[in-house]
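Enquirer: Before I ask anything, let me first share the structure, which is written out below as C-alpha cells.
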DNA sequence: CAATCTATTTGATATAGATCAAGATTCATG
DNA sequence: CATGAATCTTGATCTATATCAAATAGATTG
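Chains as they are written, first to last, in the numbering used here: chain A, 510 to 755; chain B, 510 to 755.
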C-alpha cells in the first residue's frame, strides 16, 4: 500500500516532462527548471468516466483541464432547454478557457469516453506565467486559437450547406487524429449522430442520411460509429466548392 | 503649427486616464503609476474612415485595437469567396485577439463608420502585464469573454429560428448601447441588411421581411437603418420561447 | 439637383433540410 | 445471453427560408 502511494507520487511529479502531449500543451523550449515549476502546478491528475461531467455551467471556475486521454463534448444549454454542442475535445487540448471570463464555467463538459485529465489551477498558472514569458505567450496563443476555431464554426454554421458541414467536420477530425499520431483515414466516432447534428446545426436524421450518401458516393465507409475515409480529395472538394449561388 | 503638435502630444499622454471608456478596456483600481505605464504603451491613436480596413486577414499581427469611437464589422472569407461576418464591434471593445494565435490576423476588420482607435502593441502589453497582475487578469478575461460570446453566436446559428436570431441580435445591440450610456430603445444600425444576414446565417431578404414583420407586430419601428424598440418584453419573449418542437 | 448606384422591400416560387413515423441495429444490464 | 433501451436508418411529407424577380427608396457623385 505504502509503496503504491510512493509510486503514484513519483508518477505525478514527472507527468509533464514525460507526457507525450507536452508539445501540445506546453510551450516548446522550456528549461528543465521551468518544467519542474510547471509540474508543481499541475496538482491533480484525475480520471473522468464516460457519461460523467468534468464541469458544468454555473459552477465556480478554478482550473483549466488538459486532456491526457479520452474525448469530451462541450455544450451550452439555453433557458428553454435547447442544447448546442460547442465543440469536441481530444487529448492534448485544453478545456475551460471560457470560465475565466466570469469566474464561472459557462458551458458543460461531458466525457464521451473514459478519460484522463490534468487539472491546472488557473490562479497559479497566471502567477507562474508572470515569471515565464514563454508560458505566458503559450497561454495567450491557446486562448486565441480557441477564438479562431470558433470563427471557423461560425463560418460553417452561417454559410455552409449540410453536406459541406459534415465533410468539414470529418476532415477536421481526421486532421486532428493525424496530428496525434493516429490514422487520419479510419477512426471511431465518439459521439452520436444527434451530437454531431447539434454541433453542425442539423437534425440527426440529416446527419445519418448524409453519412449514407457519402458512403454511396464512395467518399467514406461508415459502419455505425466506425468511419473510413476513402476519398480525402473528394471530401475536400465538397467543402468550398458547393457554395449556394448567393 | 508647433502648438498643435504640443497639444496633440499632451492629449496622447493622457488618453487612458481621461478616457470615458477606461472601465471597459482597463482593469479597475489601477494605481496612477500603473496607469501611466499603460499609457506609455498605447503608442498610437489613429482614425479609420468608413469603408477602410483596420486590418486584414493574413497580415502580420502586432497590436490589439481598442475602439474609442465608431463601429466595425469583422469577417472571414472562405477560399471560394463566401463571406461570414463574425461580429460587430463598438466603442470600448477590443479587436484583434484572434491574431495572437498565429502571429497573423485571421479575420478582416472594416470600419462601418468613421472611427477612432487606440493601437496597443501586443508584445508590450504582454511585457507590462507580467508586472501588473490586474492587467494580466483583465487581458485573460477579455479573451475569455470573446470565447463565451462566440459560443453564444454558435447557439444562435445552430439552434435558433430566423425570428429568434434577429430578436436576439436587436436585444444584444440594445444592451450594448445602454451599457455605453446611449438609449437602449432607439439607435441607428451601422450595417446593411446583408451584413446582418451574414452574421445571423440568413439572406438579406429574410432579414428585411422579419424587420417588416416585427414592425407590423408592434415590436419595433423600423425606418431604414433607424430602429426603435417598442416592446422589449415582446422581443425577449420571442427569443427562447419559440424552440422548434425538436 | 439630376443621374446613377446601392440598399431595401415585397411578391411568387422552389427547395434543403425538418418533421413524423416505423423498423432495424447496437448497446447496456441483470 | 437475453431483454429492454438507445441509437441509427430510411421513407414520406411538410415548411421555413432561400431564390428569383421587379419595383421603390436612399445615398453618392459629377
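Every residue gets a Cβ at the ideal spot worked out from N, C-alpha and C, and that includes glycine. Small disclaimer: the values here were computed from a predicted structure and weren't measured.
Just checking: is the beta-carbon of residue 603 of chain B within a distance shorter than 8 Å of some beta-carbon in chain A?
Expert: No - not a single Cβ of chain A is within 8 Å of the one on residue 603 of chain B.
Enquirer: Quick one, which of B:699, B:683, B:702 has its alpha-carbon nearest residue 693 of chain B's?
Expert: Of the listed residues, the one whose Cα sits closest to residue 693 of chain B is B:683.
Enquirer: Between which two residues does the alpha helix (DSSP H) harbouring residue 672 of chain B extend?
Expert: Segment 671–688, the alpha helix (DSSP H) holding residue 672 of chain B.
Enquirer: Mind checking if residue 589 of chain B is an interface residue toward chain A, Cβ cutoff 8 Å exclusive?
Expert: For residue 589 of chain B, the answer is yes, since a Cβ of chain A falls inside 8 Å of its Cβ.
Enquirer: Quick check on residue 613 of chain A - is its C-beta less than 8 Å from some C-beta in chain B?
Expert: Chain B, which has no Cβ nearer than 8 Å to the Cβ of residue 613 of chain A, makes this no.
Enquirer: Can you tell me the Cα-Cα spacing of residue 644 of chain A and residue 685 of chain A, whole angstroms?
Expert: Cα-Cα distance, rounded: 23 Å.
Enquirer: With a threshold of 8 Å between beta-carbons, can residue 754 of chain B be considered close to chain A, or not?
Expert: Bear in mind that the predicted position of residue 754 of chain B carries a pLDDT of just 46, short of 50, making it too unreliable to give a figure here.
Enquirer: Report yes or no: is there a C-beta of chain A within less than 8 Å of the C-beta of residue 528 of chain B?
Expert: It does not; no Cβ of chain A falls within 8 Å.
Enquirer: Less than 7 Å separating the Cβ of residue 746 of chain B from some heavy atom of the ligand MN?
Expert: In the structure on display, the ligand MN does not appear, and there are no ligands present to speak of.
Enquirer: Could you tell me the alpha carbon to alpha carbon distance between residue 516 of chain A and residue 556 of chain A, rounded to whole angstroms?
Expert: Any answer about residue 516 of chain A is weak, because its pLDDT of 41 lies below 50 and its placement is not dependable; what the coordinates show is given next. Computed Cα separation, rounded: 17 Å.
Enquirer: Quick check on residue 556 of chain A - is its C-beta less than 8 Å from some C-beta in chain B?
Expert: No, residue 556 of chain A lies away from the interface with chain B (no Cβ there is under 8 Å from its Cβ).
Enquirer: Are at least three pairs of beta-carbons, each pair with one atom in the segment 626–645 of chain A and one in the segment 624–632 of chain B, less than 8 Å apart?
Expert: Touching, no.
Enquirer: With distances taken between CB atoms, is the gap from residue 678 of chain A to residue 705 of chain A smaller than 8 Å?
Expert: A contact, by the Cβ cut-off of 8 Å.
Enquirer: Does the beta carbon of residue 655 of chain A come closer than 8 Å to any beta carbon on chain B?
Expert: Yes, residue 655 of chain A counts as interfacial toward chain B.
Enquirer: Just the chain A side, please: which residues come within less than 7 Å of residue 650 of chain B by C-beta, in chain order?
Expert: Within chain A, the residues near residue 650 of chain B are 609, 610.
Enquirer: Is any beta-carbon of chain B found at less than 8 Å from that of residue 659 of chain A?
Expert: So, interface residue.
Enquirer: Could you give the residue range of the alpha helix (DSSP H) that holds residue 569 of chain A?
Expert: It is not in any alpha helix (DSSP H) - residue 569 of chain A carries neither H nor E in the DSSP assignment.
Enquirer: Along the segment 622–639 of chain B, what residues have a CB closer than 7 Å to any CB found in chain A?
Expert: Answer set for the segment 622–639 of chain B: 635, 639.
Enquirer: Between the Cα of residue 711 of chain A and the Cα atoms of B:670, B:730, B:713, B:749, which residue gives the shortest distance?
Expert: When each option's Cα is compared against that of residue 711 of chain A, the closest is B:670.
Enquirer: Could you give the DSSP three-state label for residue 713 of chain B: helix, strand or coil?
Expert: Here residue 713 of chain B sits in helix by DSSP.
Enquirer: Express the C-alpha separation of residue 698 of chain B and residue 737 of chain A in angstroms, rounding to a whole number.
Expert: If I take the Cα positions, the gap works out to 48 Å.
Enquirer: Would you list, in sequence order, the uninterrupted alpha helix (DSSP H) runs of no fewer than 4 residues that lie entirely inside the segment 584–672 of chain B?
Expert: With a minimum length of 4 residues, the continuous alpha helix (DSSP H) runs that stay inside the segment 584–672 of chain B are 631–640, 642–668.
Enquirer: Quick check: is the beta carbon of residue 562 of chain B nearer than 8 Å to any beta carbon in chain A?
Expert: Cβ-Cβ to chain A under 8 Å: no for residue 562 of chain B.
Enquirer: Consider the Cβ of residue 642 of chain B: report whether some Cβ of chain A lies at a distance smaller than 8 Å.
Expert: Residue 642 of chain B counts as touching chain A.
Enquirer: Grouping DSSP H, G and I as helix and E and B as strand, with all else coil, what is residue 739 of chain A?
Expert: Correct three-state label for residue 739 of chain A: coil.
Enquirer: Mind checking if residue 567 of chain A is an interface residue toward chain B, Cβ cutoff 8 Å exclusive?
Expert: Taking Cβ atoms only, chain B never reaches closer than 8 Å to residue 567 of chain A, which makes this a no.
Enquirer: Would you report the Cα separation of residue 674 of chain A and residue 550 of chain A, rounded to the nearest angstrom?
Expert: Computed Cα separation, rounded: 39 Å.
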